[in-house]
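Residue numbers (our numbering): 682 to 993. Note that beta-carbon positions come from the ideal geometry of N, C-alpha and C, so glycine has one too. Since this is a predicted model, take the numbers as computed values, not measurements. Shown next, in structure tokens, is the structure this report addresses.
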């Protein structure tokens, strides 16, 4: 945990993964992984295909037994939580239900099994915007509706912690926007929200913190802005000039790396915008555009995970 982050208090929903390892014969799916997920924030859990994300989440929920290390919620294993549905809501894949059962009845069955009030099913359907489809049979649900039903089921116990694996699968742009607002709202209530996703542009909008893994190992963790700014000091400079050849030659003499894009814009790494401006003046290159390109999460993710193949 970095300086300035508060220490967790018992029952606040802190997730702690410590030295977590999972070995399958000759395959190490997760390798000495450690990170913490704080309440009151949305944490994005990112990695290439096969990085070990789903295996980690399954160990956190005691669906897979670790080879070594631990994964706890409020200092306890999921299996040791009293009334776990009231502590943790989880969706590891789109909701599954009996094809002939309606959405509302699917949730009522879960309520009955968990000792929750029957009316809670109606409340969570309203929460995820599925009330109009409450009496529609599950077989008629789209993938996006199934995702919402899964989240409704996860929210039945009004948990402090929500763990979601690729929750935006099957959602249209409106649904993704709804998901973003919904999860941010839960975090604003002080809940812990851990989300695995491949939609990096969406994670940049949604997440407060990120945990990035590759080949089962931690690559980087921290607040999104901090992780992005740490990768490309000053950012990449964009410059457009009718004297491109002269400016490229002068910039390369300064040790800069210059890559023209398909629109004739020069993308410059290794020097900052003021240096590009001074170099252009000395080279008598007329500038039509000069600015710093802010690195995005996708670019940072690709830089951090380059050459680190997935292993699952």
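If you ignore the 5 residues before and after residue 771, its C-beta comes within less than 7 Å of the C-beta of 742, 835 and 844, all in its own chain and listed in chain order.
Taken in chain order, the complete alpha helix (DSSP H) segments of 4 residues or longer contained in the region 840 to 886 are 854 to 869. For residue 783, the beta-bridge partners assigned by DSSP are 818. Taking the Cβ atoms as the reference, residue 701 lies roughly 6 Å from residue 711, within the contact range of under 8 Å. Look at residue 966 here: in three-state DSSP terms it is coil, with no helix or strand label.
Per DSSP, residue 767 has no beta bridge partner at all. Your pair residue 720 and residue 873 checks out as a contact, with CB atoms roughly 4 Å apart and the cut at 8 Å. Using a 10 angstroms sphere on the CB of residue 883, the tally of other CB atoms reaches 16 or more, which defines it as buried. The Cβ atoms of residue 729 and residue 895 lie closer than 7 Å to each other.
Between the region 972 to 984 and the region 936 to 945, the count of C-beta pairs closer than 8 Å stays below three; the two stretches do not touch. Here the C-alpha atom of residue 903 lies approximately 37 Å from the C-alpha atom of residue 778.
Rounded to the nearest angstrom, the gap between the Cα atoms of residue 696 and residue 722 is 12 Å.
Per the coordinates, the alpha-carbon of residue 857 lies some 6 Å from the alpha-carbon of residue 849. The alpha carbon of residue 802 has as its nearest neighbour, out of 816, 813, 795 and 785, the alpha carbon of 785. DSSP places residue 761 in the helix class (H, G or I) of the three-state scheme. Per DSSP, the unbroken alpha helix (DSSP H) holding residue 741 starts and ends at 734 to 741. At the C-beta level, residue 897 and residue 739 stay beyond 7 Å of one another.
Selection 943, 893, 908 and 928 evaluated against residue 986 yields 893 as nearest (Cα-Cα).
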